[in-house]
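Have a look at the structure below before the remarks.
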Amino acid sequence: MATTDQTEGRATFDAVVRDRRSVHDYSDEPVDDETLEELFDLVRYAPSSYNLQPWEFLVVREEGNREALREVAYGQEHVTDAPVGVVVLGNTDPAAHADRVVDDLLEKGYRPDRAARDGLLERIEGLRDRDEATNRRWAVRSTALAAMTLMHAARSRGLSTCPMGGFDPEALRETFDVGDEYEPVVLLTLGYPADGAADRENERKYRRPVSEIVHHETFDA
1 MATTDQTEGR ATFDAVVRDR RSVHDYSDEP VDDETLEELF DLVRYAPSSY NLQPWEFLVV
61 REEGNREALR EVAYGQEHVT DAPVGVVVLG NTDPAAHADR VVDDLLEKGY RPDRAARDGL
121 LERIEGLRDR DEATNRRWAV RSTALAAMTL MHAARSRGLS TCPMGGFDPE ALRETFDVGD
181 EYEPVVLLTL GYPADGAADR ENERKYRRPV SEIVHHETFD A
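The UniProt record's numbering puts the first residue of the sequence shown at 1, with every later residue one more than the last.
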């Protein structure tokens with residue numbers, strides 16, 4: 001398990017990052033409503049382009065819904081082994097929540113006056129005119145940040161997750177009545193790990209060194 005910060009009573013960030021594992025084996029312990037509320041309350045603080053927060057999360061805990069989610073995930077067993085499945089969706093309409101976002105900027109003094117507020121809103125609404133592929137990429141970029149925040153928040157509370165890109169997005173849309181304006185970004189399993197499944201003593205899988213992945217000033221692949 002992750003080492004904990006005795007002052008805050010939470011796992012330190014370094015430990016959360018280093019100890020996180022993509023876990024397939026989960027215990028029978030359920031994840032209660034309060035814990036889920038705490039996790040998603042932290043997810044709200046993930047960054048996003050223009051602070052437009054395009055993410056939506058479909059949480060499935062009922063057995064029948066988890067079975068249905070497993071079907072669209074090509075039968076991956078850990079979808080039903082975990083007590084919680086999360087479908088992470090990105091809203092491809094950049095201006096879906098723009099009114100509240102720009103009103104907040106004006107109220108808190110980030111925009112000097114109503115004219116500046118209106119100009120920003122007009123600029124955001126203009127993003128709707130971009131081609132569909134561009135707006136889908138935009139939604140995925142911001143929503144992926146929220147998904148990672150959820151995984152870190154879960155780990156800080158002793159929970160484990162597994163992100164999955166292996167699923168049929170069209171089958172997911174049909175099964176769970178997800179509209180075309182939402183881009184399915186990733187699926188997550190979530191729950192308390194089975195004994196030994198997330199122990200930090202398990203040898204870490206290979207990670208590329210910093211010297212290979214960081215390029216200073218110029219890019220040299």
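Each residue gets a CB set at the ideal place from its N, CA and C atoms; glycine is no exception.
Small disclaimer: the values here were computed from a predicted structure and weren't measured.
With contacts defined by Cβ atoms closer than 7 angstroms, residue 105 and residue 111 form a contacting pair. Per the coordinates, the alpha-carbon of residue 215 lies some 39 angstroms from the alpha-carbon of residue 59. Only residues of its own chain outside the window of five on either side were considered, and among them 142 have a CB closer than 6 angstroms to the CB of residue 48, listed in chain order. Listed as beta-bridge partners of residue 188 by DSSP are 86, 163.
Cβ atoms of residue 98 and residue 52 come within 8 angstroms of each other, at about 6 angstroms. Beta-bridge partners assigned by DSSP to residue 22: 161.
As the crow flies, the alpha-carbon of residue 193 is around 27 angstroms from that of residue 90.
Residue 57 is bridged by DSSP to 88. The segment 16-28 makes no contact with the segment 122-137, as fewer than three CB pairs between them are under 8 angstroms.
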